[in-house]
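The sequence shown lines up with residues 36 to 462 when you count with this note's numbering. Just so it is clear, CB atoms sit at the ideal spot from N, CA and C, and this is done for glycine as well. Only a predicted model underlies this, so the values are computations on that prediction, with no experimental measurement involved. To start, the structure itself, in structure tokens.
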Amino acid sequence: MKEKKIEFDTLSLQFTIQDDSWQLRLAKSQTRVKDDRQIRIVTEASDDTFVPAEVKDEDDAFIFSFIVDQSTKKWEDLRQLHQHEKLRLLCNLAQVKKYLTTRLTFFLHPDNVVFDDNLMPFIIYRGVRNLVPPFDISEQDFMKQLKCFSIALFSKKFNFDQLYNGALERAKDTEFEKRVSESKSLEQLIDYLEESYRDEQDKADKTMQMVPTKRFRLFKRLSIIMIIVAVLLGAPLVYFGLVSLPYQQHQLDAHEEYLASDYGGVISALENENAENLPQASKYILAYSYINTEQLSDSDKSVIMNNISLNSDANYLLYWIYNGSGEFEKAMEKARYLDDPQLIMHGLIKQIEQAQNNPDISGTERDEKVNELQNELDEYREEYNLDANEEENELGTEGSSETDDAQNEEQNARDSDNNNGDDNNDE
């Protein structure tokens, strides 16, 4: 059993899915139904366009059960089809317009439409005009939904929800997207889809041909064998050219930037590398660079940098790397592993700031997240008798003890880098 949530305009539908059954509980307060017989329109919808459905009356809600054949093609399957097949299903989907003049209402959404093997559409959830949401669907509504569905099916840049919520006007990267988005009427849009389908079908007929099954299977096997041989021979070269060389070059670039005290350059050179896999020296210069760019007072930075060196615990260095790159969850994992209360509290403060500035969560979720983190922070402050200023002043104290001459070690490392250029490359 799994759940699927479809959000469209003001409508939010939470389905419980088990095998072929999609069940939805819709509160009666969300409808305008006065007589249970009014809702029969949903169950009597045509089986050639809508999936079978049953409705039960349960106290303060209607329980909808939709039968969705598991063999039907879902959105992720549609995205894998050939171009002429996608255009064919869009032409078929456009024919649903005939229901615009009936009492049935519906909406086109990737999660609310499935297709059979002939690429004929079947709409899952539907309503009744002025009784069951959506309470209405106009020709303009249908045209906009069809435009978004069409572009989303081909686009690598926009999904349906983005297009429907404002990106449709900006979707003009291809001639197809431009013609679809600029269509002035539903008839013009459908005519263009049908024209595009005919053109693509003609191309497919000219470039594709039927071959005997035995010959196809032989060709397929030979192709697979050739691919395997090519992969075996080419894998070492590909790895060396695409992985090993760039990895080494990024480290060399980072060390050069570090010697030039260009800490932003160090971060840029290593930003796409997995910090866990970096050598200790690279971890050190990256952590050092992030600390230099951290929004802390000069005195706080000095305290922290006096307590990191090439001999620092790798987890301590990783804490500052993840903290600087905004991966606060990973930073907190390192802080808890080191059992360092100052690092934990600093991480909590960072997470609070991140939650407060996160535009992707609702105000309620933001408040709950901030309160949860703030409570944990207050517990640490109380346990260790620290106020906000003391936290910042003690950030430089590493969980495992560091030598008092860590600053000298760092300076010696720089001198060694300057005097031994070759050693830098090895590092």
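*Taking V103 and L139 to be in contact with their CB atoms under 8 Å, please state how far apart those CB atoms are, rounded to whole angstroms.*
The pair is not a contact, with the Cβ atoms about 18 Å apart (cut-off 8 Å).
*asked:* Report the CB separation of E93 from S100 in whole angstroms; it is logged as a contact under 8 Å.
replied: Actually they are not in contact, since the Cβ atoms of E93 and S100 sit about 12 Å apart, beyond 8 Å.
_Element boundaries [alpha helix (DSSP H), containing L113]_ = W110 to L113
_Simplified DSSP assignment, three categories, for T51_ = strand
*Hey, quick one: how far does the alpha helix (DSSP H) through S185 stretch, first residue to last?*
E174 to F189
*Does DSSP classify V103 as helix, strand or coil?*
coil
*Is it a yes or a no for the segment 197-206 touching the segment 73-89, going by three-plus beta-carbon pairs under 8 Å?*
no
_Burial state of I263 (16 or more Cβ within 10 Å)_ = exposed
_For D70 and K179, I'd like the C-alpha separation in whole angstroms._
33 Å
*Three or more C-beta pairs closer than 8 Å, one from the segment 110-123 and one from the segment 58-76: is that the case here?*
no
*asked:* Please state the DSSP three-state secondary structure of E362.
replied: coil
*Mind checking H117: buried by the 16 CB within 10 Å criterion, or exposed?*
exposed
*How many Å lie between E210 and I172 at the Cα?*
28 Å
*Could you give the DSSP three-state label for D92: helix, strand or coil?*
strand
_Need the endpoints of the beta strand (DSSP E) that A62 sits in, please._
S56 to A62
*Give the DSSP-derived three-state secondary structure of G201 in the structure shown.*
coil
*Using only alpha-carbon positions, find the residue among D288, I326 and L345 that is nearest to V338.*
I326
*Which word fits D226, buried or exposed, when buried means at least 16 other C-beta atoms lie within 10 angstroms of its C-beta?*
exposed
*Is F43 helix, strand or coil by DSSP?*
strand
*Find the nearest neighbour of P145 within the set Q53, A96, K39 and E230, judged by alpha-carbon distance.*
K39
*Does DSSP put F170 in a helix, a strand or coil?*
coil
_C-alpha distance - N410 paired with Q377, whole-angstrom precision_ = 16 Å
_For E212, count the other beta carbons within 10 Å of its own beta carbon; 16 or more makes it buried, fewer makes it exposed. Which is it?_
buried
*In chain order, what residues of the same chain have a beta carbon less than 7 Å from the beta carbon of T51, not counting five sequence neighbours either side?*
M36, E38 and Q58
_Suppose the cutoff is 7 Å on Cβ atoms and the five residues either side in sequence are ignored; what does the same chain contact list for T78 look like?_
A88, E89 and V90
*If you draw a straight line from the alpha carbon of A349 to that of R371, how long is it in whole angstroms?*
14 Å
*Just reading off the beta strand (DSSP E) that I158 is part of, what are its end residues?*
P156 to I158
*State yes or no: is the C-beta of L48 within less than 7 Å of the C-beta of P168?*
no
*Quick one: give me the first and last residue of the alpha helix (DSSP H) that V301 is part of.*
Y298 to L305
*Would a C-beta distance cut-off of 7 Å place F141 and V149 closer than the cut-off?*
no
*Could you tell me the boundaries of the beta strand (DSSP E) in which V86 lies?*
From DSSP, V86 is part of no beta strand (DSSP E); its letter is neither H nor E.
*So which of Q105, Q391, I379 and T137 has the shortest CA-CA distance to Q53?*
Q105
*Tell me whether the beta-carbon of S185 lies closer than 7 Å to the beta-carbon of L125.*
yes
*Quick one: Cα of C183 to Cα of Q175, how far?*
12 Å
*Going by the beta-carbon positions, is the gap between F363 and Q389 smaller than 7 Å?*
yes
*Pull up the distance between the alpha-carbon of P247 and that of L353, whole angstroms please.*
59 Å
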